[in-house]
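Data block below; observations after.
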Amino acid sequence: MSIKSTVPKCDRVGIWLFHSDYSAMFSLMCVDEFGKRSTGEHLLESDYKNYFSHIVENDVLVACDARNDEVAKCFNHGYFDVHNIHSLLDVTFNKDFVPLGIICCERTGNKTEWQPQDIQTLKSIAVKASLFISNNISDMYASKSQ
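In the numbering used here, the protein residues as written are 2 to 147.
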């Protein structure tokens with residue numbers, strides 16, 4: 002079962018890891034609407050301050066109209082435009098109750114209204130990811146974030 006099959010309006014799924022000082026995050030993996038996989042994209046906190054601040058403090062961002070959302074619109078140039086993203090649903094996963102990274106669902110081409118079930122499903126997946134990812138990437142995460 003994949004995230005894209007459990008959150009039906011999600012076209013792109015990304016797993017992102019924060020640098021240990023939250024100065025950036027990098028894509029561990031992204032799968033787009035065509036099944037193409039990519040990795041290694043970096044987003045800097047200095048370019049996206051509102052987003053980094055919000056997601057680390059709140060654990061969730063639901064932006065149905067991402068390009069006009071007060072928090073998400075910082076991605077309009079350099080990320081949303083590049084990937085044709087219109088809606089964003091992000092949930093953090095944690096290690097020892099500290100945000101380690103993000104699971105990101107994105108809608109491309111047009112906006113969508115994320116449903117309460119979508120949000121709950123992604124939160125449930127994030128809990129499982131917290132257990133798996135934090136136990137399996139701790140060494141890699143430590144070396145990447147330096």
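Glycine included, each C-beta is placed from N, C-alpha and C at the ideal position.
Practice item. Pick helix, strand or coil for Met2, following the three-state DSSP scheme. Key: Reading the sequence shown from its first residue, position 1 is the one you call residue 2. Since pLDDT at Met2 reaches only 43, below the 50 mark, its modelled position is unreliable, and no value is offered.
**Study point:** Bounding residues of the alpha helix (DSSP H) (the contiguous stretch that carries Val57)
**Key:** For this step, residue 57 is matched to residue 56 along the sequence shown. Its alpha helix (DSSP H) spans residues Lys50 to Asn59.
Check your understanding: What residue from Cys65, Ala130, Ala67 and Phe81 has the CA that sits closest to Thr93's CA?
Key -> Residue numbering aside, residue 93 sits at position 92 when the sequence shown is read from its first letter. Residue Ala130 is the option with its Cα nearest to Thr93.
Review point. How far does the beta strand (DSSP E) with Asp91 in it reach, from first residue to last?
Key: Here residue 91 refers to the residue found at position 90 when the sequence shown is read from its first residue. Counting along the chain, the beta strand (DSSP E) containing Asp91 begins and ends at Ile86 to Lys96.
Check your understanding: What three-state label does DSSP hand Phe27 in the structure shown?
Key -> Numbered from 1 along the sequence shown, position 26 holds the residue referred to as residue 27. Here DSSP, grouped into helix, strand and coil, assigns Phe27 to strand.
Exercise for review: Classify Met1 as buried or exposed, calling it buried when 16 or more other Cβ atoms lie within 10 Å of its own Cβ.
Suggested key: Outside the shown range of the chain, which is 2 to 147, sits residue 1, and nothing can be said about it.
Point to revise | Environment of Leu89 [buried if 16+ CB atoms lie within 10 Å] | key: Against the sequence shown, residue 89 aligns to sequence position 88. Flag for Leu89 reads buried.
Exercise for review: Under 7 Å Cβ to Cβ from Thr113, same chain only, skipping five residues before and after it: list those, please.
Suggested key: By one-based count along the sequence shown, residue 113 stands at place 112. Setting aside the 5 residues that flank it on each side, Thr113 is surrounded in the same chain by Lys10, Cys65 and Ser88, each with a C-beta closer than 7 Å to its C-beta; the list follows chain order.
**Study point:** Span of the beta strand (DSSP E), counted from its first residue to its last, around Trp115
**Key:** Numbered from its first residue, the sequence shown carries residue 115 at position 114. First-last for Trp115: undefined, no H or E at that position.
Review point. How big is the Cα-Cα spacing for Phe76 and Tyr49?
Key: Start at 1 with the first residue of the sequence shown, and residue 76 comes out as number 75. Start at 1 with the first residue of the sequence shown, and residue 49 comes out as number 48. Spanning the two alpha carbons is a distance of roughly 7 Å.
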